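Peer 1: Counting in the UniProt record's numbering, the sequence shown runs from 1 upward without gaps.
One structure, as structure tokens, below. Some questions next.
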Amino acid sequence: MVDVIHSFNQQPTSILPGHFLSLPAELPETRLVSRLCRRRILPGSPSLRRRIQRLLPAPATMLSLVLTVFFVHVAIYLVNTIGASTIDGLLWLLYLRLPTPTSRTARKQQQLKRQVLEQKHEMNSTSSQDEFAKWAKARRRHDKTMEEYEALNKTLTAQKSSFDWTVKIARWLSTNGLKMFLQFWYSKTPVFPLPEAWFPYYVQWIVSFPRAPLGSVSIHVWSNVCATTIALAAEVAGALLVQVVGQKKEQKEAAPVGAEGKAQ
């Protein structure tokens, strides 16, 4: 088996195109041989080449996976910090600016709302005793406009509920749903390798948990690292921002006091 691995090292271009001239440090020969032996893959087996290629991820795939997981956790943190309801409200306002039937309904509803307020003001300014006919006519117009407004308001409320439900599903699929899918799909793929002989065996086993190759960082561990790092970085940035704003405020308050002292 070791001879087979050495033969791969000597002729990498015909067996493993696109990889380095030797097996990477995260999968040394002894470890690779032990893994192949545990799976009962014998030299000359048709699945030997496929299994070795599977154990050697492409560098481009590793880099894209690192960035994808990081940006997914950035999106999750922003949603949790800003608030789902706030994001839904902003998206609803943006959606109403598009040329859609819902936006036309919203504009019509706003027009009817203004008409209701104007007609109510007109009705209140008219005496029901001295000008009963004028007051009754204004009341009928107000009631008719109010019915149209309430009907459009119910329609718009139903459309907003449907929009909020769609946004919630899309937000979950693009954040937590995508995170769960990546952790399932790339559970056996190393995010990036650890330097050989830098860490003891138990550390390598922990960072590769649960299914990544030994000597590499699993996507589950990398996800936890990204979430913790983003949260800590945001807290540090917030503390620094508060400190800078407080210092500027103190300087502005101290400046008039110094000017008054010089004037005296």
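Where a beta carbon is used, it is the ideal one built from N, C-alpha and C, also for glycine.
Computed from a predicted structure; not experimentally measured.
(1) In whole angstroms, what separates the C-alpha of P195 from that of Q204?
(2) Less than 8 Å between the CB atoms is what I'm expecting for K113 and Y149, so what's the real figure, rounded?
(3) For the stretch 205-214 against the stretch 98-109, do three or more pairs of beta-carbon atoms, one drawn from each stretch, fall closer than 8 Å, so that the two count as touching?
(4) Under 8 Å: do the stretch 65-76 and the stretch 174-192 share three or more Cβ pairs, one atom per stretch?
(5) Can L67 and V191 be called in contact, C-beta distance under 8 Å?
(6) Can you name the residues that DSSP bridges to S216?
(7) Three or more C-beta pairs under 8 Å: does that hold for the stretch 116-125 against the stretch 137-149?
(8) With DSSP collapsed to three states, give me the class of L42.
(9) Are there 16 or more other CB atoms within 10 angstroms of the CB of G89, so buried, or fewer, so exposed?
(10) Among the residues of its own chain, which have a CB less than 6 Å from the CB of F199, if the five just before and after it don't count?
(11) Using C-beta distances below 6 Å, list every residue in its chain close to V217, excluding the 5 sequence neighbours before and after it, in chain order.
(12) If H142 and V116 are in contact, beta carbons under 8 Å, what's the gap, nearest whole angstrom?
(13) Going straight from the alpha carbon of K188 to that of W172, what length do you get?
(14) If you follow the alpha helix (DSSP H) that Q115 is in, where does it begin and where does it stop?
(15) Closest Cβ-Cβ distance between T86 and chain D: below 8 Å?
Peer 2: The structure says:
(1) Going from the Cα of P195 to the Cα of Q204 covers about 10 Å.
(2) Between K113 and Y149, the beta carbon gap of about 6 Å places them in contact (Cβ cut-off 8 Å).
(3) Cβ pair count under 8 Å is below three, so no.
(4) Judged by Cβ distances under 8 Å, the stretch 65-76 makes contact with the stretch 174-192, as three or more pairs qualify.
(5) In this structure, L67 sits away from V191, with a CB-CB distance that is not shorter than 8 Å.
(6) According to DSSP, which records beta bridges pairwise, S216 is partnered with P193.
(7) Verdict: yes, contact present.
(8) Residue confidence for L42 is low, a pLDDT of 46 falling below 50, so the modelled location carries little weight; the figure read from the coordinates is stated next. Per DSSP, reduced to three states, the secondary structure at L42 is coil, with no helix or strand assignment.
(9) Residue burial is scored here from C-beta neighbours: G89 has fewer than 16 other C-beta atoms within 10 angstroms and is therefore classed as exposed.
(10) Answer for F199: no residue qualifies.
(11) Taken in chain order, the residues that qualify are V191, F192 and V207.
(12) Right, the Cβ-Cβ distance comes to about 7 Å (below 8 Å), so this counts as a contact.
(13) Rounded to whole angstroms, K188 and W172 show a C-alpha spacing of 24 Å.
(14) Where Q115 is concerned, the enclosing alpha helix (DSSP H) stretches over P101 to S125.
(15) Among the chains in the structure shown there is no chain D, since it carries only a single protein chain.
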